[in-house]
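Colleague: Encoded as structure tokens, here's the structure I'll be asking about.
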């Protein structure tokens with residue numbers, strides 16, 4: 119479940135026939151998640 123959520127951040131559409139997300143999509147999702155967390159930390163400091 120978490121893997122699909124991270125993959126969706128990376129552009130995975132999660133349609134019925136799409137299969138499993140690939141490594142590139144997962145890494146993109148992790149990058150987006152990292153940026154979101156950095157932004158939240160910066161916003162909390164102000």
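Numbering (our numbering), first residue to last: 119 to 164.
Built from N, CA and C at the ideal position, the CB exists for glycine as well.
Please read these numbers as outputs of a predicted model, since none were measured by experiment.
By Cβ distance, which residues of its chain are closer than 6 angstroms to residue 125, with the 5 residues on each side in sequence left out?
Modeller: Reading the chain shown from its first residue, position 7 is the one you call residue 125. Within the same chain, residue 125 has close Cβ partners 139, 143, 144 and 147.
Colleague: Quick check on DSSP: helix, strand or coil for residue 119?
Modeller: Taking the chain shown and counting its residues from 1, one reaches residue 119 at position 1. Residue state, collapsed to three classes: coil.
Colleague: To the nearest whole angstrom, what separates the beta carbons of residue 150 and residue 127, a pair I think is in contact under 8 angstroms?
Modeller: Locating residue 150 in the chain shown gives position 32, counting from the first residue. Locating residue 127 in the chain shown gives position 9, counting from the first residue. Contact flag correct, Cβ pair sits at about 4 angstroms.
Colleague: Work out the CA separation of residue 121 and residue 156 for me, nearest whole Å.
Modeller: As a first step, residue 156 is located in the chain shown; it is residue number 38 there, counting from the start. As a first step, residue 121 is located in the chain shown; it is residue number 3 there, counting from the start. Each residue's alpha carbon lies about 20 angstroms from the other.
Colleague: In whole angstroms, what separates the C-alpha of residue 135 from that of residue 158?
Modeller: Counting from one through the chain shown, the residue named residue 135 turns up at place 17. Counting from one through the chain shown, the residue named residue 158 turns up at place 40. Approximately 34 angstroms, taken between the alpha carbons.
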